[in-house]
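Protein chains in written order, with my numbering: chain H, -19 to 179; chain W, -19 to 179. Cβ coordinates follow ideal geometry from the N, Cα and C atoms, glycine included. To start, the structure itself, in structure tokens.
Set out below in structure tokens:
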């Protein structure tokens, strides 16, 4: 148990350092040596936890989505109305990512071009995880009679598709625009789509 | 008059050649010499019409959107119901772009990285043009009483935002997925959003 906690702590410290160095130097220029120095451990210790720089960067991105999904789950299991939950979740998936990579400036495109096909595969998985949380709330609303019956999976997917253009993936946060503008766009989409799923 | 027609014809021939060479070689490797040879005119003649390779590539992208907007305008001015027009237009903005750059494979990302900030500025303009055509149909539907009154501009913008993730911009058509999948996603979004704007 103690060992597991330590493992998680060291992994997290390495990923925290990754976040800093990716933002400062970008993926290409970040080295395992820099990472080890930033965490204050030996280079060999890094390799006990991750087998490559690529795996570290991908784990860092996955961790952002793990944290996002925790927050989505929290909203989904709260006692708010299904309508309100979907609105908050739509906003959260956009603003949480925005805040997570806001300090990256140009280097997010560099990360994308370096790890393109793997990042795309992870991204598809992330979107599926999010869609399944959305679907659970849509089903809840359908059970309560506030959402129209049927096609819960397709509808959940549509909320994901409709806000994907607001995520910092192909575009950096700077290119996407100001945070409140992005949020405004997400809310406008959520509003129309929510009327669309309502009974 | 005759001179204008000729100018337009030569411009179009140059942009047709641009389309071929961009797909075959990508932006970096495409030269004005190649273009002149492909069209069968002298290099100097190219410079009578465009001042740089950059301007040629941007004009090529603008031409795709000119053609798309012609088709959107045609749908908007047809005698179909506003609901059906919006559905067709949503589909068209996705599939027309897909078809226009489908033969590009990887080189679309290369074009994007070469001309990033200018392409982004053009893209914003393209989306505004499309939004204004969508808005004209939404207003028509509001006048007819089939769409709910108010916020026509915001609603038009929401249709654009909600399908932007399905356009080949950050992702190539190969990365986006199969054409019928993209179309299915666009229709699912359009369906919910249309219920959202309906009276």
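Beta bridge counterpart(s) of residue i as assigned by DSSP
i                     : result
residue 186 (chain H) : The shown model of chain H, from -19 to 179, leaves out residue 186 (chain H), and the question about it has no answer.
Rounded distance between the beta-carbons of residue j and residue i, thought under 8 angstroms
i                     : j                     : result
residue 97 (chain H)  : residue 44 (chain H)  : Between residue 44 (chain H) and residue 97 (chain H) the Cβ distance is about 19 angstroms, and since that is not below 8 angstroms, they are no contact.
residue 26 (chain H)  : residue -2 (chain H)  : Residue 26 (chain H) to residue -2 (chain H), Cβ: 10 angstroms. No contact.
residue 147 (chain H) : residue 67 (chain H)  : At roughly 17 angstroms, the Cβ-Cβ gap does not stay under 8 angstroms, so residue 147 (chain H) and residue 67 (chain H) are not in contact.
residue 143 (chain W) : residue 73 (chain W)  : 6 angstroms
residue 62 (chain W)  : residue 19 (chain W)  : With 8 angstroms as the limit, residue 62 (chain W) and residue 19 (chain W) do not qualify as a contact, their Cβ atoms being about 43 angstroms apart.
residue 179 (chain H) : residue 134 (chain H) : Not confirmed; about 16 angstroms, so no contact.
residue 55 (chain H)  : residue 107 (chain H) : Not really, about 17 angstroms apart at Cβ, beyond 8 angstroms.
residue 38 (chain H)  : residue 102 (chain H) : 6 angstroms
residue 172 (chain W) : residue 138 (chain H) : 5 angstroms
residue 31 (chain H)  : residue 12 (chain H)  : The Cβ separation is near 11 angstroms, so there is no contact.
residue 65 (chain H)  : residue 58 (chain H)  : 7 angstroms
residue 225 (chain H) : residue 92 (chain H)  : With chain H covering -19 to 179 only, the question about residue 225 (chain H) has no answer from this structure.
residue -9 (chain H)  : residue 29 (chain H)  : 5 angstroms
residue 176 (chain H) : residue 130 (chain W) : The Cβ separation is near 17 angstroms, so there is no contact.
residue 8 (chain H)   : residue 90 (chain H)  : 6 angstroms
residue 69 (chain H)  : residue 95 (chain H)  : In fact, because the Cβ distance is near 27 angstroms, the residues do not count as touching under 8 angstroms.
residue 145 (chain W) : residue 118 (chain W) : Between residue 118 (chain W) and residue 145 (chain W) the Cβ distance is about 21 angstroms, and since that is not below 8 angstroms, they are no contact.
residue 100 (chain W) : residue 161 (chain H) : About 15 angstroms; that fails the 8 angstroms criterion.
residue 124 (chain W) : residue 132 (chain W) : Going by Cβ atoms, the distance from residue 124 (chain W) to residue 132 (chain W) rounds to 13 angstroms, so no, they are not a contact pair.
Next on the checklist: Closer than 8 angstroms is the cut-off here; do at least three beta carbon pairs connect the segment 151 to 159 of chain H with the segment 0 to 15 of chain W?
Outcome noted: no
Item to check | Residue ranges of each alpha helix (DSSP H) within the segment 51 to 132 of chain W, 4 or longer | outcome: 62 to 81, 87 to 94, 96 to 124
Checklist entry - Can we say the segment 9 to 29 of chain H touches the segment 110 to 124 of chain H, given the rule of at least three CB pairs closer than 8 angstroms? => result no
Item to check | Unbroken stretches of the alpha helix (DSSP H), 4 residues or longer, contained in the segment -4 to 52 of chain W | outcome: 12 to 19, 23 to 29
Checklist entry - Name the residues in the segment 105 to 138 of chain H whose C-beta lies less than 8 angstroms from a C-beta of chain W; which are they? => result 134, 135, 137, 138
Checklist entry - Which residues, in order along the segment 7 to 29 of chain H, keep a beta-carbon less than 8 angstroms from a beta-carbon of chain W? => result none
Checklist entry - Which residues, in order along the segment 58 to 72 of chain H, keep a beta-carbon less than 9 angstroms from a beta-carbon of chain W? => result none
Item to check | Contact set between the segment 156 to 170 of chain W and chain H, restricted to residues whose Cβ is under 7 angstroms from the partner | outcome: 165, 168, 169
Next on the checklist: For the segment 29 to 52 of chain W, list every residue whose C-beta sits within 8 angstroms of some C-beta in chain H, in sequence order.
Outcome noted: none
Item to check | Proximal residues, the segment 75 to 90 of chain H versus chain W, C-beta separation under 7 angstroms | outcome: none
Next on the checklist: Threshold first: 4 residues or longer. Then list the alpha helix (DSSP H) segments lying entirely within the segment 131 to 179 of chain W, N to C.
Outcome noted: 132 to 144, 153 to 156, 159 to 177
Checklist entry - Quick one, which residues of the segment 141 to 153 of chain W are near chain H if we go by CB-CB under 9 angstroms, in chain order? => result 141, 142, 143, 144, 145, 146, 147, 149, 150, 151
Item to check | chain W contacts from the segment 91 to 103 of chain H (Cβ-Cβ distance under 9 angstroms) | outcome: 92, 93, 96, 97, 100
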